[in-house]
Structure formats: structure tokens, C-alpha cells
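J.:
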Amino acid sequence: MKITKVRAVSYKVQNAMTGWKTSLGGHDTHEMIFLRVDTDEKASGVGIASPGAIFISGDTGTNHLELINNRFGPAIVGADPFDLEGIIARLDSIVHGAERAKAGIDLALHDLMGKALGVPCNRLFGGVVHPRVRVTRLMGMYEPKEMAEKSRALAERGYTALKLKVGTTVREDVERVKRVREAVGPEVTITIDFNQACSPKEAIRTVNAMEPYDVALVEQPVKATDLKGMALVRQSVSPLVMADEAVNSATEALKIVEAGAADVISLKIPKMGGIFKARKAAAVCEAAGIEYLVGTAPGSRLLDAANVHLAASLRNLRLPCEIGEFERMANDPCAGLEIVNGFSSPPERPGLGIEVDLARVGLAE
59 MKITKVRAVS YKVQNAMTGW KTSLGGHDTH EMIFLRVDTD EKASGVGIAS PGAIFISGDT
119 GTNHLELINN RFGPAIVGAD PFDLEGIIAR LDSIVHGAER AKAGIDLALH DLMGKALGVP
179 CNRLFGGVVH PRVRVTRLMG MYEPKEMAEK SRALAERGYT ALKLKVGTTV REDVERVKRV
239 REAVGPEVTI TIDFNQACSP KEAIRTVNAM EPYDVALVEQ PVKATDLKGM ALVRQSVSPL
299 VMADEAVNSA TEALKIVEAG AADVISLKIP KMGGIFKARK AAAVCEAAGI EYLVGTAPGS
359 RLLDAANVHL AASLRNLRLP CEIGEFERMA NDPCAGLEIV NGFSSPPERP GLGIEVDLAR
419 VGLAE
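Adding 58 to a residue's 1-based position in the sequence shown gives its number in the working numbering.
#1: Nearest-angstrom Cα distance between T249 and R158?
#2: Excluding the five sequence neighbours on either side, which residues of its own chain have a C-beta within less than 6 angstroms of the C-beta of H344, listed in chain order?
#3: From the DSSP output, read off the bridge partner residues of M197.
#4: Among all the DSSP beta bridges, which residues are the ones paired with F92?
#5: Excluding sequence positions up to five away, which residues of its chain have a Cβ less than 8 angstroms from the Cβ of N127?
#6: Mapping DSSP to helix, strand and coil, what is E396?
#7: Report the rounded CA-to-CA distance for E303 versus A320, giving the unit in angstroms.
#8: Between V242 and V193, what straight-line distance do the alpha-carbon atoms span, to the nearest angstrom?
#9: Quick one: residues in its chain with C-beta nearer than 7 angstroms to the C-beta of R418, no 5 flanking neighbours on either side, listed in chain order?
#10: The beta strand (DSSP E) that contains D251, what's its start and end?
#11: What does the Cβ neighbour count give for E406, buried or exposed, with the cut at 16 atoms within 10 Å?
#12: For the candidate residues N399, L123 and L220, whose alpha-carbon lies nearest to that of S68?
#13: Is the beta carbon of V414 sitting closer than 8 angstroms to the one on L360?
#14: Need the endpoints of the alpha helix (DSSP H) that E277 sits in, please.
#15: Between the stretch 224 to 233 and the stretch 249 to 258, do at least 3 Cβ pairs fall closer than 8 angstroms?
#16: Pick out the complete beta strand (DSSP E) segments inside the stretch 300 to 353, 3 residues or longer, and give them in chain order.
#17: What does the alpha-carbon distance come out to for the pair C379 and L421?
#18: Looking at C-alpha atoms only, which residue of V299, L220, K338 and T62 is the closest neighbour of N306?
#19: To the nearest angstrom, how far is the alpha carbon of L142 from that of A336?
#20: Between the stretch 309 to 323 and the stretch 254 to 262, do three or more beta carbon pairs fall short of 8 angstroms?
#21: Ignore the nearest five residues each way along the sequence and tell me which others in G144's own chain have a CB closer than 6 angstroms to its CB.
#22: Restricting to Cα atoms, I'd like to know which of T283, A317 and P270 is closest to S296.
#23: DSSP three-state label for I112, please.
#24: How far does the alpha helix (DSSP H) with V419 in it extend, from its first residue to its last?
#25: For P244, which residues in the same chain have their Cβ closer than 8 angstroms to its Cβ, ignoring the five residues on either side in sequence?
#26: Between I163, D138 and A267, which lies nearest to L149 when the distance is taken from Cα to Cα?
#27: Leaving out five residues on either side along the sequence, give the residues of the same chain with a beta carbon under 8 angstroms from the beta carbon of V187.
#28: How many whole angstroms separate the CB atoms of P408 and K173, which I take to be in contact at a CB cut-off of 8 angstroms?
#29: Checking the sheet assignment: what are the DSSP bridge partners for S402?
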């Protein structure tokens, strides 16, 4: 089997939860890059490259389209789609970084391989350890009252884990967490995400002021490059501290471990370059004895299906994962993944297991 064609197109999804933002910014439209990999044996796979918010990743859909259609695609035509190690090495030799575009290729290849073999793609990397994965839903940085109301609505739908975006002032952030805790009760797990908004001292002061409200985990409180600051926060607060923007590869995961900068690492398929590379970062965590979870970027069911396939395969996974954000996208062209009572399960259909409306996104034959 040989790859014969790679095509990528842009598709915009709308955030149905308007006003959603982080400490770094926000927008109501997300550009997704859908791509299709065809072969000489009529097997094909569909992937998604999620540029993410430009104020976080620096990526744009235009960059992704140019890379995939004009550089990555031509470079892998003629390759065996099962030669994943070789293909990824080839992509890495073309350009350093651009992991979100590379992730799109990775997902399309996992979809293709699974379909060619007639198995869900998790069978390609060990199978299912966790038939159901507990889901954390993300909550934008709204005013305290609105954040509490929206959080209550999610809890009433069966979600038992929420991640709150924070990072304005100590008073406002503490009030957000207080209001949400009062709204959802004691049984819901609350984590907070600063998106690098604080100095170490500010983060310590804010998190310690939230002590009465049982925050379980604190994500990326300081700048991604400030590993000493991360380590100081970790030593000074009770909740677990998680690295996100600070970890984009297995190598960076190792640096976090060496610096003692985090208790948990967020494994994100887009920023790490795909399932293949995310699993390498997971192996670093397992060897070092630190926790991980599967994080997400705004996207469609196609991306979250990849997330749940990955999460379900990770032996040491104990924390809830960010798999449900497709629910806040108003015009997702994909079907085949749902959340039931706050849990998600990997699709059982071959490949990623998702039905993509190829005509709608512009990838029909």
C-alpha cells in the first residue's frame, strides 16, 4: 500500500458558548484544517489539524494549509502509510516545529491504518485499558455569576469535573471558584487554568486563597519558560500543579521532570504532533512516575475521538481528560462520538471511528 494523495482544506467552526475566553484572549470562531490521505488500494484516512488560538500557538490555518498541501503532502506520497516512524521522521526533517500540522497527518494515518485493518485505531497502540474515560469540561473566563450558572448547567448534565479559566485578579479569581463550588456542590472536581497569567508569588497567593473551595489541580500558573517558578508554586500550594504550555514534546516532558516543575503533564495531540509523539511523552511520564492526562484544543468530534482513543489506551491514566469540547462547537461536520453521564468511550468503528461529512468540508472525491 502506498500513499497517492494528500489534500487539506480549511473549515471554520463556531463556538456556541459566546464570550468564551482565557487570560490570553478569546474568539468565537475556530479554524480547523481537515485533511485526507488516499492510497493506491482505495483505503483513505481523514485527519484534523487544529491551529489553536493564534495568541497561544502562533499558528494559523494558512500556515497549516501551505505546509500540508505543498510540503508535507508531496513528501509522503509514495510512502507506506504503516511506516509511521519513517513518515514522522521525514516531516521533522522538512521543518522544525509545526507540530499541529504534523498532528493532522498523524491522525489521518491512524484513521487510514485502522480502516485498512478493520479495527479501531487504539488497537494499533495497545488497545483499550479504560473502556470509559471521565471527562473534564472547560469553562471560559466569565464573570463569577455567569461562570457559576454555566458550571451548574454542566453538572446537571452529569459532568463531575470542570476546568475553570482564571487569571485576572486574586479577588475575582477566588470569587469565580467560590461561586462555582457553591453552584456545583462538593462532589464535582474543580481545576483551574491560569494560562501563564501569574508570577510565582501571585499564583501562590491566589491558589492558597482558594483553599476553602477544594481546588484539585492548578494548570500552567506561570510562564511556560519559568520552570523554577513552576517548581516554587508546586512546593507552595496543596493542589497538583500541571504543565501545559511548557510541554510540547517528550523532550520537554523530561525537562519538567528534571526541574521538579509539575505533578502532572497535559498530553495534547495537536501541540505534540499527533498520537505517536504524545505516547512518547506519556512514556516519559510513566518512567518518571508522574501523572498525566489528555488535554484538548477547540475542535470537532474527529479530534476528540483521537483524544479518547489515546486516553483509553494509557495504562497509568487516573485523572479525568478534556474530551468533550466538541459539544460547544455549533457546526461540527462530524458524527459518532457522544458524552454519556460525564464519560466518553472510544468509538468501536474502524480507524478513528468518526463519520466525517466530506462534501461539507470539501474533501469529497
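Think of the CB as a built atom: it goes at the ideal place given N, C-alpha and C, for glycine as much as any other residue.
Quantities reported herein were computed from a predicted structural model and do not represent experimental measurements.
T.: Working from what's here:
#1: Position 191 of the sequence shown, counted from the start, is the residue given in the question as residue 249. Position 100 of the sequence shown, counted from the start, is the residue given in the question as residue 158. So the alpha carbons of these two residues sit roughly 25 angstroms apart.
#2: As a working mapping, residue 344 is identified with position 286 in the sequence shown. According to the sequence provided, residue 344 is Glu. The question's His does not apply to it. N374, listed in sequence order.
#3: For the purposes of this step, residue 197 is identified with residue 139 of the sequence shown, where counting begins at 1. L222, per the DSSP bridge assignment.
#4: Along the sequence shown, read from residue 1 onward, the residue named residue 92 stands at position 34. Answer is V67 and I106.
#5: Walking along the sequence shown from the start, residue 127 turns up at place 69. Correct list, in chain order: V64, R65 and A66.
#6: In the sequence shown, residue 396 corresponds to position 338, counting from 1. Of the three classes helix, strand and coil, the one that applies to E396 here is coil, per DSSP.
#7: Your numbering for residue 303 matches position 245 in the sequence shown. Your numbering for residue 320 matches position 262 in the sequence shown. The straight-line gap from Cα to Cα measures roughly 12 angstroms.
#8: Walking along the sequence shown from the start, residue 242 turns up at place 184. Walking along the sequence shown from the start, residue 193 turns up at place 135. Spanning the two alpha carbons is a distance of roughly 16 angstroms.
#9: Numbered from its first residue, the sequence shown carries residue 418 at position 360. Closer than 7 angstroms at Cβ, skipping near neighbours: P391.
#10: The residue given as residue 251 occupies position 193 in the sequence shown. Note, D251: beta strand (DSSP E), T247 to D251.
#11: Your numbering for residue 406 matches position 348 in the sequence shown. Looking at its Cβ environment, which holds fewer than 16 other Cβ atoms inside 10 Å, E406 is exposed.
#12: The sequence position of residue 68 within the sequence shown is 10, counting from 1. With respect to the C-alpha of S68, the residue from N399, L123 and L220 having the closest C-alpha is L123.
#13: Translated into positions along the sequence shown, residue 414 becomes position 356. Translated into positions along the sequence shown, residue 360 becomes position 302. Contact check for V414 against L360 passes: the beta carbons are separated by less than 8 angstroms.
#14: Position 219 of the sequence shown, counted from the start, is the residue given in the question as residue 277. DSSP places E277 outside any alpha helix (DSSP H); the residue lies instead in the beta strand (DSSP E), whose first and last residues are V273 to E277.
#15: Taking 8 angstroms as the limit for Cβ pairs, the verdict is that the stretch 249 to 258 does touch the stretch 224 to 233.
#16: Runs found: 322 to 325 and 349 to 352.
#17: Position 321 of the sequence shown holds residue 379. Position 363 of the sequence shown holds residue 421. C379 and L421: Cα-Cα distance of roughly 30 angstroms.
#18: Against the sequence shown, residue 306 aligns to sequence position 248. Measuring from the Cα of N306, the nearest candidate turns out to be K338.
#19: Start at 1 with the first residue of the sequence shown, and residue 142 comes out as number 84. Start at 1 with the first residue of the sequence shown, and residue 336 comes out as number 278. Approximately 14 angstroms, taken between the alpha carbons.
#20: The stretch 309 to 323, when compared against the stretch 254 to 262, does not touch it at the 8 angstroms Cβ threshold.
#21: Here residue 144 refers to the residue found at position 86 of the sequence shown. Nothing listed; no residue qualifies.
#22: Stepping through the sequence shown from its first residue, residue 296 is reached at position 238. Ranking T283, A317 and P270 by Cα distance to S296 puts P270 first.
#23: Here the question's residue 112 lines up with position 54 in the sequence shown. In this predicted model, I112 has a pLDDT of only 45, less than 50, meaning its place in the structure is not dependable; the value taken from the coordinates is given anyway. DSSP places I112 in helix when its eight states are reduced to three.
#24: Residue mapping note: residue 419 aligns to position 361 of the sequence shown, counting from 1. Run containing V419: L416 to V419, per the alpha helix (DSSP H) assignment.
#25: Numbered from 1 along the sequence shown, position 186 holds the residue referred to as residue 244. Taking C-beta separations shorter than 8 angstroms and ignoring five residues to either side along the sequence, the partners of P244 in its chain run D272, following chain order.
#26: Here residue 149 refers to the residue found at position 91 of the sequence shown. The shortest Cα separation from L149 among I163, D138 and A267 belongs to I163.
#27: If you number the sequence shown from 1, residue 187 lands on position 129. Result list for V187: A370, S371, L372, R373 and L375, in chain order.
#28: Here residue 408 refers to the residue found at position 350 of the sequence shown. Here residue 173 refers to the residue found at position 115 of the sequence shown. With a Cβ gap of about 5 angstroms, P408 and K173 count as contacting.
#29: As a first step, residue 402 is located in the sequence shown; it is residue number 344 there, counting from the start. S402 is bridged to V191.
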